[in-house]
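3 is the number of the first residue of the sequence shown in my numbering; add one for each residue after it.
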Amino acid sequence: MKALTWHGKGDMRCESVPDPKIEHGRDAIIKVTACAICGSDLHIFDGIIPSMEHGDIIGHETMGEVVEVGSQNKALKVGDRVVVPFTIACGECFFCQKGYYSGCERSNPNKAKAAKLWGNSPSGLFGYSHLLGGYSGGQAEFLRVPYADVGPIKVPNHLSDEQVLFLSDIFPTGYMAADFCNIQKGDTIAIWGCGPVGQMAIRSAFLLGADRVIAIDTVPERLALAKESGAQTLDFRDEDIYDRIMELTNGRGADACIDAVGTEPDTMASFDSIVDRIKVATFMGTDRPHVLRQAIHCCRNFGTVSIVGVYGGFVDKIPMGSAINRGLTFRMAQTPVQHYLPLLLDRIEKGEIDPSFVITHRATLEEGPEFYKTFRDKKDGCIKVVLKPN
3 MKALTWHGKG DMRCESVPDP KIEHGRDAII KVTACAICGS DLHIFDGIIP SMEHGDIIGH
63 ETMGEVVEVG SQNKALKVGD RVVVPFTIAC GECFFCQKGY YSGCERSNPN KAKAAKLWGN
123 SPSGLFGYSH LLGGYSGGQA EFLRVPYADV GPIKVPNHLS DEQVLFLSDI FPTGYMAADF
183 CNIQKGDTIA IWGCGPVGQM AIRSAFLLGA DRVIAIDTVP ERLALAKESG AQTLDFRDED
243 IYDRIMELTN GRGADACIDA VGTEPDTMAS FDSIVDRIKV ATFMGTDRPH VLRQAIHCCR
303 NFGTVSIVGV YGGFVDKIPM GSAINRGLTF RMAQTPVQHY LPLLLDRIEK GEIDPSFVIT
363 HRATLEEGPE FYKTFRDKKD GCIKVVLKPN
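Here is the structure:
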């Protein structure tokens, strides 16, 4: 089959690789009908995610048609149309039973390696390094899905691929970001990053009752799309974000702040972001938490900081004194996608949201490597790329 494979920093290729096979009775094989390039895939493309190997198949936003089912899998049958969560979960362990699927104790075969870095291991993920299981990803013509009797959700035929594809990751992640904020009537939510997850967080915040959303970015197309969703937008290159948020909230701060940027913010956003970039380049740091620092300072007393942007290692110069003395709550996670799937599919079916609004580019799998560059460089108004392998 054809698949997108990683061969080092900035080197993504469309290659012929062996077809996946059933390896366990609970597996399923799907023929991929749509997949997408995620912002977190760019961290792999940029070479900052450890434990990648040449030839690894990338991608974790995937849907398609079931073409083969393992002998123990009674939940799926050949011909089912499914969306596959990016988190791989057994459905039986302590965390899965509590709904914390992204903390699954069984799905990461390399959990000892992850525990050395993080103290404990999260679940395995599709196409996201050997630290998280070394599973082949879904930017391919076919995908093996482990624990396929727990993860994939069947989707009705009257909804298009583009309407439901983002149930795999960015819609649940953006929704979780807003859900973490415990939004009350009249709340103001500030969101850093108007990429795909940030856009979903904006729409989700309004769905959950926010009175006002302040969206922060500098890319014109992203700011324009945020404004279309009803957000008040701020360009961090034109305005002092802290001063503007204080002005807009009468000096109180936002009720909750969402970091939808993570470890690769714009280097020129501020002096501390320049320093962070130098530290990472000189191996004196692993992450660049400029946005997280700013979100803490911009949050009101006893507010919430919700973190869904990817961080991989250790962050420094975090203003914990501010957070502790002002009673801030931190919420963060790799999204337990399976927990949110029924609710969000229902919202799509009711017409409350159509996640396809974020798509700007469509391409073939063969065009994928070039679109990684387009997406990373924010060229041609690119916000979200959907690939059609078959």
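Heads up, the beta-carbon is just placed ideally off N, CA and C, and yes, glycines get one too.
Inset, instruction - Use the C-beta contact count for Asn159: other C-beta atoms within 10 angstroms, 16 or more gives buried, fewer gives exposed. - result: What you label residue 159 is simply residue 157 of the sequence shown in a count that begins at 1. So Asn159 counts as exposed.
Inset, instruction - Can you check the segment 71-145 for any beta strand (DSSP E) of at least 3 residues that lies completely inside it and give the ranges in chain order? - result: Fully enclosed beta strand (DSSP E) runs of 3 or longer: 83-86.
Inset, instruction - Indicate the three-state DSSP secondary structure (helix, strand or coil) for Phe208 in the structure shown. - result: On the sequence shown, position 206 is the one that residue 208 refers to. It is helical.
Legend entry - Between the CA atoms of Gln201 and Ala212 - distance to the nearest angstrom: Taking the sequence shown and counting its residues from 1, one reaches residue 212 at position 210. Taking the sequence shown and counting its residues from 1, one reaches residue 201 at position 199. Cα to Cα, the separation comes out at about 14 Å.
Legend entry - Alpha carbon of Lys415 to alpha carbon of Arg224, nearest angstrom: Nothing about residue 415 can be read from this structure; the chain reaches only from 3 to 392.
Legend entry - Start and end residues, alpha helix (DSSP H) containing Gln234: By one-based count along the sequence shown, residue 234 stands at place 232. For Gln234, no alpha helix (DSSP H) segment is defined; the enclosing uninterrupted segment is the beta strand (DSSP E) at 234-237.
Legend entry - Contact the segment 15-33 vs the segment 353-362: 3+ CB pairs below 8 Å: With the cut-off at 8 Å, the segment 15-33 and the segment 353-362 do not touch.
Inset, instruction - Could you check the C-alpha separation between Ile46 and Leu210 for me, to the nearest Å? - result: Here residue 46 is taken as the residue at index 44 of the sequence shown, counted from 1. Here residue 210 is taken as the residue at index 208 of the sequence shown, counted from 1. Near 32 Å, if we compare the C-alpha coordinates of Leu210 and Ile46.
Legend entry - Exposed unless 16 or more other CB atoms sit within 10 angstroms - verdict on Phe332: Counting from 1 along the sequence shown, the entry for residue 332 is found at position 330. Under this definition Phe332 is an exposed residue.
Legend entry - Beta-carbon contacts of Ala116 that lie in its chain and below 8 Å, excluding the five residues immediately before and after: Counted from its first residue, the sequence shown places residue 116 at position 114. Hits under 8 Å: Asn110, Asn122, Ser123, Pro124, Leu133, Leu134.
Inset, instruction - Assign Phe238 to one of two classes, buried (16 or more other C-beta atoms within 10 Å of its C-beta) or exposed (fewer than that). - result: Position 236 of the sequence shown, counted from the start, is the residue given in the question as residue 238. With 16 or more other Cβ atoms from the protein chains shown falling within 10 Å of its own Cβ, Phe238 counts as buried.
Legend entry - Distance between beta carbons of Glu143 and Pro391, contact taken as under 8 Å: In the sequence shown, counting from the first residue as 1, residue 391 sits at position 389. In the sequence shown, counting from the first residue as 1, residue 143 sits at position 141. Cβ-Cβ separation between Pro391 and Glu143: approximately 5 Å, consistent with a contact (criterion under 8 Å).
Legend entry - Residue interval of the beta strand (DSSP E) (run including Val166): Indexing the sequence shown from 1 puts residue 166 at position 164. No beta strand (DSSP E) contains Val166, which is instead part of the alpha helix (DSSP H) from 163-166.
Inset, instruction - Give me whichever residues DSSP pairs with Ser393 in a beta bridge. - result: For residue 393 there is no data in the structure shown, the boundaries of the chain being 3 and 392.
Legend entry - Given 8 Å, three or more beta-carbon pairs between the segment 302-310 and the segment 252-267: The segment 302-310 is in contact with the segment 252-267.
Legend entry - Expected contact under 8 Å - CB spacing of Gln340 and Pro87 to nearest Å: For the purposes of this step, residue 340 is identified with residue 338 of the sequence shown, where counting begins at 1. For the purposes of this step, residue 87 is identified with residue 85 of the sequence shown, where counting begins at 1. About 6 Å separates the CB atoms of Gln340 and Pro87; that is less than 8 Å, so the two are in contact.
Legend entry - Contacting residues, own chain, Cβ-Cβ under 8 Å from Gly81 (five flanking each side not counted): Counting from one through the sequence shown, the residue named residue 81 turns up at place 79. Glu67, Val68.
Legend entry - Reduced DSSP secondary structure (H/G/I, E/B, other) of Lys352: As a working mapping, residue 352 is identified with position 350 in the sequence shown. In this structure, Lys352 counts as coil in the three-state DSSP scheme.
Legend entry - Neighbour-count burial assignment, Leu346, 16 or more Cβ in a 10 Å radius: In the sequence shown, the residue the question calls residue 346 occupies position 344. Here Leu346 is buried. Its C-beta has 16 or more other C-beta atoms within 10 Å.
Inset, instruction - Give every residue of the same chain whose Cβ lies closer than 7 Å to the Cβ of Ile24, excluding the five residues on either side of it in the sequence, and list them in chain order. - result: As a first step, residue 24 must be located in the sequence shown, where it is residue number 22. Here the set comprises Ile31, Glu70, Gly72.
Inset, instruction - Decide if the segment 242-250 is in contact with the segment 145-162; the criterion is three or more beta carbon pairs, one per stretch, under 8 Å apart. - result: A contact between stretches requires three or more CB pairs, one per stretch, nearer than 8 Å, and the segment 242-250 fails this requirement with the segment 145-162.
Inset, instruction - To the nearest angstrom, report how far apart Pro1 and Leu343 are at their CA atoms. - result: As shown, the chain starts at 3 and ends at 392. That puts residue 1 outside it, with no answer to give.
Legend entry - Classification of Ala262 by the beta-carbon crowding that lies within 10 angstroms, buried from 16 upward: Taking the first residue of the sequence shown as position 1, residue 262 is located at position 260. Classification of Ala262: buried, given that the 10 Å Cβ count is 16 or more.
Inset, instruction - Look at the Cβ atom of Trp194, then the Cβ atom of Val293, and state whether they are nearer than 7 Å. - result: Walking along the sequence shown from the start, residue 194 turns up at place 192. Walking along the sequence shown from the start, residue 293 turns up at place 291. Between Trp194 and Val293, the C-beta spacing is below 7 Å.
Legend entry - Residue(s) in a DSSP beta bridge with Val147: Reading the sequence shown from its first residue, position 145 is the one you call residue 147. Beta bridge pairing from DSSP links Val147 with Ala30.
Legend entry - Straight-line gap, Lys281 to Lys118 (C-alpha atoms, nearest Å): Position 279 of the sequence shown, counted from the start, is the residue given in the question as residue 281. Position 116 of the sequence shown, counted from the start, is the residue given in the question as residue 118. Roughly 23 Å between the two C-alpha positions.
Legend entry - Distance cut-off 6 Å: Leu127 Cβ against heavy atoms of the ligand PLP: Absence of the ligand PLP from the depicted structure is noted, as is the absence of any ligand whatsoever, leaving it without description.
Inset, instruction - Just list the beta strand (DSSP E) runs in the segment 313-349, keeping only unbroken ones of 3 residues or longer that don't cross its boundaries, in chain order. - result: You should have 331-334.
Legend entry - Span separating the alpha-carbon of Ala365 from that of Cys37: Residue 365 sits at position 363 when you count from the first residue of the sequence shown. Residue 37 sits at position 35 when you count from the first residue of the sequence shown. Spanning the alpha carbons of Ala365 and Cys37 requires a straight line of approximately 10 Å.
Inset, instruction - Round the Cβ separation of Tyr374 and Met3 to the nearest angstrom and send it over; I've been treating them as touching at under 8 Å. - result: In the sequence shown, residue 374 corresponds to position 372, counting from 1. In the sequence shown, residue 3 corresponds to position 1, counting from 1. With a beta-carbon spacing of about 19 Å, Tyr374 and Met3 fall beyond the 8 Å limit used to define contacts.
Inset, instruction - For Gly153, count neighbouring Cβ atoms within 10 angstroms of its own Cβ and tell me buried if that reaches 16, exposed if not. - result: Your numbering for residue 153 matches position 151 in the sequence shown. Taking every protein chain shown into account, the CB of Gly153 has 16 or more other CB atoms within 10 angstroms, so this residue is buried.
Inset, instruction - Mind listing, in chain order, the continuous alpha helix (DSSP H) runs of no fewer than 4 residues lying wholly within the segment 275-309? - result: The qualifying runs are 292-300.
Inset, instruction - Using beta-carbon positions only, say whether Ile247 and Ala283 come within less than 7 Å of one another. - result: Here residue 247 refers to the residue found at position 245 of the sequence shown. Here residue 283 refers to the residue found at position 281 of the sequence shown. No.
Inset, instruction - Alpha carbon to alpha carbon, how far is Leu167 from Val221? Give it in angstroms, no decimals. - result: Locating residue 221 in the sequence shown gives position 219, counting from the first residue. Locating residue 167 in the sequence shown gives position 165, counting from the first residue. So the two alpha carbons sit approximately 24 Å from each other.
Inset, instruction - Could you work out which residue in Pro198, Ser131, Cys16 is closest to Gly49 when comparing CA atoms only? - result: For the purposes of this step, residue 49 is taken as the residue at position 47 of the sequence shown. Cα-wise, what sits closest to Gly49 is Ser131.
Legend entry - Distance, Gln234 Cα to Pro357 Cα: Here residue 357 corresponds to residue number 355 of the sequence shown, with the count starting at 1. Here residue 234 corresponds to residue number 232 of the sequence shown, with the count starting at 1. Pro357 and Gln234 have their alpha carbons spaced roughly 20 Å apart.
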